[in-house]
Amino acid sequence: MVLALVALFVYGVATNDRFRWDIYSKYVVDQRLSSGAWVTLQVTFWAMVIGIGLGSLLAVMRLTDNPVLKSVSWTYVWIFRGTPVYVQLVFWGLFGTLFPNLRFGVPFGPTLLHLDIQNLEAAFFFACVGLGLNEAGYMAEIVRAGITSVGEGQSEAATALGMSWSLTMRRVVLPQAMRVIIPPTGNEVISMLKTASLVVAIPLTSELYYQSRQISAAIFQPVPLLLAAATWYLAITSVFMVGQYFLEKRFSRGASRTMTDRQLRAMTVGPRDETP
1 MVLALVALFV
11 YGVATNDRFR
21 WDIYSKYVVD
31 QRLSSGAWVT
41 LQVTFWAMVI
51 GIGLGSLLAV
61 MRLTDNPVLK
71 SVSWTYVWIF
81 RGTPVYVQLV
91 FWGLFGTLFP
101 NLRFGVPFGP
111 TLLHLDIQNL
121 EAAFFFACVG
131 LGLNEAGYMA
141 EIVRAGITSV
151 GEGQSEAATA
161 LGMSWSLTMR
171 RVVLPQAMRV
181 IIPPTGNEVI
191 SMLKTASLVV
201 AIPLTSELYY
211 QSRQISAAIF
221 QPVPLLLAAA
231 TWYLAITSVF
241 MVGQYFLEKR
251 FSRGASRTMT
261 DRQLRAMTVG
271 PRDETP
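Residue numbers (UniProt numbering): 1 to 276.
Set out below in C-alpha cells:
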C-alpha cells in the first residue's frame with residue numbers, strides 16, 4: 001500500500017509540467033552550479049578542519065584540572081552554541097567595518113604586519129572562519145563525550161606501563177573514543193554542507209545555493225533551479241554517507257558483540273582427544 005502511494009506521488013510529480021523538468025535538466029549540469037558546488041565543498045572542508053581542530057583542543061581544555069582552561073573552554077562553547085550561526089556570519093561580514101586595519105607587531109614598537117581588511121577580498125576566508133568557529137563549539141562536546149566514554153581503567157593501565165599523558169591519549173584513549181566520535185562528526189559534516197548556504201550573509205556569492213537563486217531570478221523559474229541545487233546537495237551528501245559508513249566500520253572493529261563464524265566454531269568444537 002505504501003509503495004503504491006509512493007509510486008503515485010512520484011508519477012504525479014514526474015508528469016507535472018509546472019515543475020518544468022526541461023529547465024531542470026538544462027541547468028542541473030550548468031557550469032555555474034557545478035562551480036558553486038565546488039566552492040561549497042571547499043567551505044565545508046576548511047570549516048570542518050577548523051571546527052575539528054579547535055573543538056578537540058577545547059575538549060582537552062575542558063577535561064583538564066586547570067580551572068582557567070576549563071572556564072575558557074566552557075565560555076567558548078556557551079557563546080558559539082548559544083547564538084545563531086547566521087548572526088555570527090553577519091558579524092564576520094561586518095568585520096572589515098569594525099576593524100578596518102589590523103596591525104601586528106611589538107607592543108609600543110614597530111609594526112611587523114599591516115592588513116587593510118576593507119580592501120581585502122576575504123569573503124571566502126571569513127566564511128570558513130565563521131563556520132569553523134561555530135562548529136568548534138559543537139565538536140568540543142562531541143570529542144569530550146568520546147573521550148569520557150573510555151573507561152578510566154584504560155588510562156590508569158597506560159600510566160602504570162610508564163606511558164606519558166600525550167602518548168596515552170594518542171595510543172589508548174583516542175582510538176577507542178573514535179567509535180563514539182565518528183558517527184556524530186559525520187552528521188556534522190553533512191550538516192555543514194547545507195549550512196554553508198548561509199554564507200551569503202558575509203556575503204560569499206559563489207556558493208551553490210546563491211548561484212541557483214541568481215539563475216532562477218534571471219529566468220523567473222525558482223522551482224526547477226531549487227530542484228537542481230537539491231540534486232547537487234543530495235549527490236554530495238550521498239558520497240559523504242558512504243565515506244562515513246566505511247569510517248564507522250573501520251573504527252568499530254573489535255567492538256561488536258556479534259561472534260564471527262570462527263569464534264562460534266571454536267566454542268562448539270570439543271577438546272581434542274589426548275594421545276598416550
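Note that CB positions come from ideal geometry on N, CA and C, so glycine has one too.
Look at the region 2-59 and you find these whole runs of alpha helix (DSSP H), each 4 residues long or longer: 2-14 and 21-27. In the DSSP assignment, no residue is bridged to Gly-151. Taking Val-172 as the centre and dropping the five residues before and after it, the same chain places the C-beta of Gln-154 and Ala-158 closer than 6 Å to its C-beta, in chain order.
By alpha-carbon distance to Thr-185, the top candidate from Ser-197, Ser-149 and Gly-51 is Gly-51.
Annotation for Ala-177: Val-143, Gly-146, Ile-147, Ser-149 and Val-150 place their beta carbon closer than 8 Å to its own, counting only its chain and skipping 5 residues before and after. DSSP places Leu-98 inside the alpha helix (DSSP H), whose first and last residues are 95-98. Per the C-alpha coordinates, the member of Gly-109, Val-180, Pro-203 and Phe-104 positioned closest to Leu-115 is Phe-104.
Between the beta-carbon of Ser-212 and that of Leu-226 there is about 7 Å, and that keeps the pair under the 8 Å contact cut.
Remark: three or more beta-carbon pairs, one from each stretch, lie closer than 8 Å, so the region 124-134 and the region 42-49 are flagged as touching. If only uninterrupted alpha helix (DSSP H) runs of at least 4 residues are considered, those enclosed by the region 133-181 are 152-160 and 165-168. Rounded to the nearest angstrom, the Cβ distance from Gly-55 to Glu-156 is 26 Å, too far for a contact under 8 Å. Shown here, Leu-115 sits in a strand according to DSSP, grouped into three states.
With 16 or more other Cβ atoms from the protein chains shown falling within 10 Å of its own Cβ, Trp-92 counts as buried.
Within 10 angstroms of the beta-carbon of Gln-88 lie 16 or more other beta-carbons, which makes it buried.
The residue from Val-90, Leu-58 and Pro-183 with its alpha-carbon nearest to that of Trp-78 is Leu-58.
Thr-15 has its alpha-carbon roughly 45 Å from the corresponding atom of Leu-133.
DSSP places Leu-225 inside the alpha helix (DSSP H), whose first and last residues are 222-251.
Taking a contact to require three or more Cβ pairs closer than 8 Å, the region 231-244 and the region 187-206 qualify as touching. The C-alpha of Leu-247 lies about 15 Å from the C-alpha of Leu-174. For Leu-102, the enclosing beta strand (DSSP E) covers residues 101-105.
Here DSSP, grouped into helix, strand and coil, assigns Thr-75 to helix. Taking 8 Å as the cut-off, the Cβ atoms of Val-90 and Ala-201 count as close. Going by DSSP, Ile-202 is part of no alpha helix (DSSP H) at all; its letter is neither H nor E.
Excluding its 5 nearest sequence neighbours in each direction, Ala-140 has C-beta neighbours in its own chain below 6 Å: Gly-55, Leu-58, Ala-59 and Val-77, listed in chain order. When Lys-70, Arg-179 and Thr-111 are compared, the shortest CA-CA separation from Phe-251 is found for Arg-179.
Contact between Ile-23 and Gln-221 is confirmed by a C-beta separation of about 5 Å, below the 8 Å threshold.
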